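Data first, discussion second: the structure below is written as structure tokens.
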Amino acid sequence: MMGIERITNAIEINNVTKHYKDFSLNQINFTVPKGTIMGFVGENGAGKTTTIKAILDLIHTDEGTINVLGRDSKNLPKDIKAQIGVVFDGSNLHDNMNAKNINFIMKNIYPNWEEKVFNHYLKKLNLPQDKIFKGYSRGMKMKLSIAIALSHQSKLLILDEATSGLDPIIRDEILDIFMEFIQNENHTILLSSHIISDIEKIADYVTFIHKGRIVFSKSKDDLIYQHGIIRCRKNDIRNIDSSFVVGIRENGFGAEVMIHSKERFKRIYQQFEVEKVSIEEIMLFVVRRKEMFE
Amino acid sequence: MDIIISNSSDKPIYEQITIQIKQMIISGELQAGDLLPSMRALAKELRISVITTKRAYDDLERDGFIYTVVGKGSYVAKKNMDFVREEQFRLVEEHISKAVAEAKAGGIKLDELQEIMKLIYEEE
Amino acid sequence: MIGLIIKDFINLKRNIKVLGFIILIYGISSYIMKDASYFGSIFTLVFGLLMLTTYGYDDYAKWDNYALTLPINRNDIILAKYMVLLLLTFVGAVINILFTGLMSAIQNTHMDTNMLRDALIAAGLGFALVILFYSIVLPFITKFGIEKARIICILIYGIFFGIYMFFRNIIQEGNSPVAAKLIQVLEIVRENVYIILPVLVIIAVVISYMVSANIYRKKEF
Numbered sequence: 014m015m016g017i018e019r020i021t022n023a024i025e026i027n028n029v030t031k032h033y034k035d036f037s038l039n040q041i042n043f044t045v046p047k048g049t050i051m052g053f054v055g056e057n058g059a060g061k062t063t064t065i066k067a068i069l070d071l072i073h074t075d076e077g078t079i080n081v082l083g084r085d086s087k088n089l090p091k092d093i094k095a096q097i098g099v100v101f102d103g104s105n106l107h108d109n110m111n112a113k114n115i116n117f118i119m120k121n122i123y124p125n126w127e128e129k130v131f132n133h134y135l136k137k138l139n140l141p142q143d144k145i146f147k148g149y150s151r152g153m154k155m156k157l158s159i160a161i162a163l164s165h166q167s168k169l170l171i172l173d174e175a176t177s178g179l180d181p182i183i184r185d186e187i188l189d190i191f192m193e194f195i196q197n198e199n200h201t202i203l204l205s206s207h208i209i210s211d212i213e214k215i216a217d218y219v220t221f222i223h224k225g226r227i228v229f230s231k232s233k234d235d236l237i238y239q240h241g242i243i244r245c246r247k248n249d250i251r252n253i254d255s256s257f258v259v260g261i262r263e264n265g266f267g268a269e270v271m272i273h274s275k276e277r278f279k280r281i282y283q284q285f286e287v288e289k290v291s292i293e294e295i296m297l298f299v300v301r302r303k304e305m306f307e
Numbered sequence: 003m004d005i006i007i008s009n010s011s012d013k014p015i016y017e018q019i020t021i022q023i024k025q026m027i028i029s030g031e032l033q034a035g036d037l038l039p040s041m042r043a044l045a046k047e048l049r050i051s052v053i054t055t056k057r058a059y060d061d062l063e064r065d066g067f068i069y070t071v072v073g074k075g076s077y078v079a080k081k082n083m084d085f086v087r088e089e090q091f092r093l094v095e096e097h098i099s100k101a102v103a104e105a106k107a108g109g110i111k112l113d114e115l116q117e118i119m120k121l122i123y124e125e126e
Numbered sequence: 024m025i026g027l028i029i030k031d032f033i034n035l036k037r038n039i040k041v042l043g044f045i046i047l048i049y050g051i052s053s054y055i056m057k058d059a060s061y062f063g064s065i066f067t068l069v070f071g072l073l074m075l076t077t078y079g080y081d082d083y084a085k086w087d088n089y090a091l092t093l094p095i096n097r098n099d100i101i102l103a104k105y106m107v108l109l110l111l112t113f114v115g116a117v118i119n120i121l122f123t124g125l126m127s128a129i130q131n132t133h134m135d136t137n138m139l140r141d142a143l144i145a146a147g148l149g150f151a152l153v154i155l156f157y158s159i160v161l162p163f164i165t166k167f168g169i170e171k172a173r174i175i176c177i178l179i180y181g182i183f184f185g186i187y188m189f190f191r192n193i194i195q196e197g198n199s200p201v202a203a204k205l206i207q208v209l210e211i212v213r214e215n216v217y218i219i220l221p222v223l224v225i226i227a228v229v230i231s232y233m234v235s236a237n238i239y240r241k242k243e244f
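Chains as they are written, first to last, in my numbering: chain A, 14 to 307; chain B, 3 to 126; chain C, 24 to 244.
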């Protein structure tokens, strides 16, 4: 067919830079391996949406190259675009249309549109065929956008803040659908979010962007197993080799130190109890450290 | 096949999976030639990353407990007695480490500890 | 691309109710006044604005960003818009002709060739004017978006409106010497209008499309 089997990475971003008046993306580098879920995290305004726009060729980059499904992202051929399902924040649909209308429209845009699959998802997600989108809740709009993205034999899903503003039950439903999607090893998901808990649930890899730069891009397992938090007295900090230290948080009664290379640290500093960390905590500590030195 | 993972355990999840599958193989619950769930299916059921299950399966294969046929899946390997024995030694060491830590914390000396071990072993 | 054209027409369905109302009111007024061109002018003006509302709907739905992720290239998106423009305006012209025919049918006057010719010319003129209007306006909308381009639209709309009403009145009254002179000139133009106008319209649309497509290719979202 298209040679998707031969591709290793669904998305490759190389040294991408983009300057705006008061914001820049600087030397963005990361890859999304095929068959995985990449969680793209960062605070609001960090550059997630800008990066995604660059991937989708909605904006032109000043430097760097991007490959999507093995091809240059600039002027992606239509047949490749037809395999990419995109969901922005779900409200890109016209108020006076309904699901039936969308089906009719998409049938005439996507050569690989599957009406049966679309109707299946409508049913599964409890979305009415005839109700116009003006009467849709935010959650319903999101679900519909996702239904569309899944109904044209997509190999790659790109979702920008697709779960923001949704209640936990719907979020869980949607995450389940993503996990179902990724059962096929030729399918890939890039999911950006500032809701870290969603990312922690399903991501295989996590890329963290902060103020337009990539801070890290690693497998979720590596992040969690290699980082740890110790709680100690403020004086103790002096005795810790700073090369282990990711960040420090002091309070009135002591300090929390986040360390990496957890196994090596544990061998050297057996007096400290090292606790597990969440991705969210890693991000917070990393940002603090950066800001200490900026 | 039951695999139970704990997020609060000290052990990384891939290790928890590896240990449980090894135990099932040693105990005979999983027979040689049995087909294991795919990495992706397991990841989905346990709601964890496919990289985690892949790592678990890679480790199991490296240690000789399973083998993978491309396009078909992973199967339980014939019990290799060396590996089984190694695994059993590892489990025992783990338990004894805990006993030793407790003994040290409680001020129990080495010969006292050895005495306890001898009594318990000969009891059964 | 066809899907995009369908999208715009589905959106316009909502406007049909209002349109139907207008057709009714002005149709009846026109009939009472025994002047088909009254209906024709109003209808053309209102129907001609529908194209702008398609942009309004897209803007409100933030559709453009999403459209660019579909398996269509930027030229297709612009081309679809121009197709909608031509289709929509054509439909409007047909409705105009039908109305004239309807009126004569109701009045039981046999619609002779002259009347038909006049009806076709009126409809054709309306068609050409709307297309010319949009040929100027669409590149602006493409560049600045419907919100910012509104003022330009109103300005150009006003100019076209003024020209249209001016000529219409001249032709209707035809009494003053200036009018007579103008009509003389117009007659010459009229002889050749069958060639001049279509050519002008085609050139205008093609240039407009090329400019819009160029703008859109470079645009950032």
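No residue lacks a Cβ here, since even glycine has one placed at the ideal position from N, Cα and C. Fair warning: this is a prediction, and the values are worked out from it, not measured in the lab.
Item to check | Listed by chain order, chain A residues near residue 102(B) by CB distance under 9 Å | outcome: Near residue 102(B) there are no residues of chain A at all, since even the closest Cβ is about 15 Å away, more than 9 Å.
Checklist entry - Given residue 14(A), which residues of its chain have a CB within under 8 Å of its CB, disregarding the five upstream and five downstream residues? => result The pLDDT assigned to residue 14(A) is 47, lower than 50, so where the model puts this residue is not dependable, and the model offers no usable value.
Checklist entry - Going along the chain, which residues of its own chain have a beta-carbon closer than 6 Å to the beta-carbon of residue 278(A), five neighbours each way excluded? => result Same-chain partners within the cutoff: 257, 272.
Checklist entry - In chain order, what residues of the same chain lie with their CB nearer than 6 Å to the CB of residue 172(C), ignoring the 5 residues before and after it? => result By the criterion of a C-beta distance shorter than 6 Å, residue 172(C) is surrounded in its chain by 163, 164, once the five residues flanking it on both sides are discounted.
Checklist entry - Using a Cβ-Cβ distance under 8 Å, would residue 14(A) count as near chain C? => result Caution applies to residue 14(A), whose pLDDT of 47 falls short of 50 and renders its modelled position unreliable; the value that the coordinates give is listed next. At a cut-off of 8 Å, the C-beta of residue 14(A) has no neighbouring C-beta in chain C.
Next on the checklist: Can you check whether the C-beta of residue 296(A) is within less than 8 Å of a C-beta belonging to chain C?
Outcome noted: No, residue 296(A) does not count as interfacial toward chain C.
Checklist entry - In the stretch 33 to 45 of chain C, which residues sit with their C-beta less than 7 Å from some C-beta in chain A, listed in chain order? => result Answer in chain order: 33, 34, 37.
Checklist entry - Is residue 29(A) helix, strand or coil when you go by DSSP? => result It is a strand residue.
Checklist entry - Could you give the residue range of the alpha helix (DSSP H) that holds residue 83(C)? => result Element bounds for residue 83(C): 73 to 83.
Item to check | CB of residue 22(A) within 8 Å of CB of residue 54(A), strictly | outcome: One thing to note: residue 22(A) has its Cβ no nearer than 8 Å to the Cβ of residue 54(A).
Checklist entry - Would residue 107(A) count as contacting chain C if we go by Cβ distances under 8 Å? => result Chain C places a beta carbon closer than 8 Å to that of residue 107(A), counting this residue as a contact.
Checklist entry - Using a Cβ cut-off of 8 Å, which residues of the stretch 54 to 70 of chain B contact any Cβ in chain A, in chain order? => result Within the stretch 54 to 70 of chain B, 54, 57 place their CB atoms closer than 8 Å to a CB of chain A, listed in sequence order.
Next on the checklist: Quick check on residue 74(B): buried or exposed, where buried means 16 or more other Cβ atoms within 10 Å of its Cβ?
Outcome noted: Its Cβ having fewer than 16 others within 10 Å, residue 74(B) is exposed.
Item to check | N-terminal and C-terminal residue of the alpha helix (DSSP H) that residue 133(A) is part of | outcome: Counting along the chain, residue 133(A) sits inside the alpha helix (DSSP H) bounded by residues 128 to 137.
Next on the checklist: Between the alpha carbons of residue 302(A) and residue 227(A), how many angstroms are there, rounded?
Outcome noted: Cα to Cα, the separation comes out at about 15 Å.
Checklist entry - Between the Cα of residue 220(A) and the Cα atoms of 39(A), 205(A), 37(A), which residue gives the shortest distance? => result Of the residues 39(A), 205(A), 37(A), the one whose Cα lies closest to the Cα of residue 220(A) is 205(A).
Checklist entry - Got a sec: which bits of the stretch 41 to 68 of chain A sit with their beta carbon under 8 Å from any beta carbon on chain B, in order along the chain? => result Taking 8 Å as the Cβ-Cβ cut-off, the stretch 41 to 68 of chain A approaches chain B at 48, 49, 50, given in chain order.
Checklist entry - Going by the CB atoms, is the gap between residue 290(A) and residue 260(A) shorter than 8 Å? => result No. Outside cutoff.
Next on the checklist: Just verifying my parser: in three-state terms, what is the DSSP assignment at residue 33(B)?
Outcome noted: Residue 33(B) falls in the coil class under three-state DSSP.
Next on the checklist: So if I threshold CB-CB distances at 8 Å, which residues from the stretch 82 to 110 of chain C count as touching chain A?
Outcome noted: So the close ones are 83, 84, 85, 86, 88, 89, 91, 92, 93, 94, 95, 96.
Next on the checklist: Just to confirm my understanding: we take residue 229(A), look at its own chain, exclude 5 residues before and 5 after, and list those with CB closer than 6 Å. What are they?
Outcome noted: Hits under 6 Å: 221.
Next on the checklist: Let me confirm a value: residue 94(C) is counted as buried when at least 16 other C-beta atoms fall within 10 Å, else exposed. Which label applies?
Outcome noted: With 16 or more Cβ atoms within 10 Å of its Cβ, residue 94(C) is classed as buried.
Checklist entry - Whose CA, out of 214(C), 30(C), 181(C), lies closest to the CA of residue 103(C)? => result Of the listed residues, the one whose Cα sits closest to residue 103(C) is 30(C).
Next on the checklist: Is it buried or exposed, residue 4(C), if we count other Cβ atoms within 10 angstroms and call 16 or more buried?
Outcome noted: Absent from the structure is residue 4(C), since the part of chain C shown begins at 24 and ends at 244.
Checklist entry - Are any of the Cβ atoms in chain A nearer than 8 Å to that of residue 29(B)? => result Against chain A, the CB of residue 29(B) has no partner CB under 8 Å away; the residue lies outside that interface.
Next on the checklist: Just to confirm before moving on: does the CB-CB distance between residue 28(B) and residue 19(B) stay below 8 Å?
Outcome noted: Result no, Cβ atoms of residue 28(B) and residue 19(B) do not sit closer than 8 Å.
Item to check | Contact with chain C by residue 81(A), beta-carbon distance below 8 Å | outcome: Answer no: the Cβ-Cβ gap between residue 81(A) and chain C never drops below 8 Å.
Checklist entry - So, is the C-beta of residue 166(C) closer than 8 Å to a C-beta in chain A? => result So no, residue 166(C) is outside the interface.
Item to check | Residue-chain proximity (residue 20(A), chain C), Cβ-Cβ < 8 Å | outcome: Chain C, which has no Cβ nearer than 8 Å to the Cβ of residue 20(A), makes this no.
Checklist entry - Looking at the unbroken beta strand (DSSP E) that takes in residue 268(A), where does it start and where does it end? => result 267 to 272 is the span of the beta strand (DSSP E), which, as asked, contains residue 268(A).
Next on the checklist: Short of 9 Å Cβ to Cβ, which residues in the stretch 195 to 229 of chain A face chain B?
Outcome noted: Answer set for the stretch 195 to 229 of chain A: 195, 196, 197, 198, 214, 215, 216, 217, 218.
Checklist entry - Are any of the Cβ atoms in chain B nearer than 8 Å to that of residue 274(A)? => result With its beta carbon at least 8 Å from every one in chain B, residue 274(A) lies outside the interface.
Next on the checklist: So with CB distances below 7 Å, who are the chain A contacts of residue 260(C)?
Outcome noted: A question about residue 260(C) goes unanswered here, because the residues of chain C that appear run from 24 up to 244.
Checklist entry - Can residue 42(B) and residue 196(A) be called in contact, C-beta distance under 8 Å? => result Yes; because the gap between Cβ atoms is below 8 Å, this pair is in contact.
Checklist entry - For residue 287(A), which of helix, strand or coil comes out of DSSP? => result In the three-state scheme derived from DSSP, where H, G and I count as helix and E and B as strand, residue 287(A) is classed as coil.
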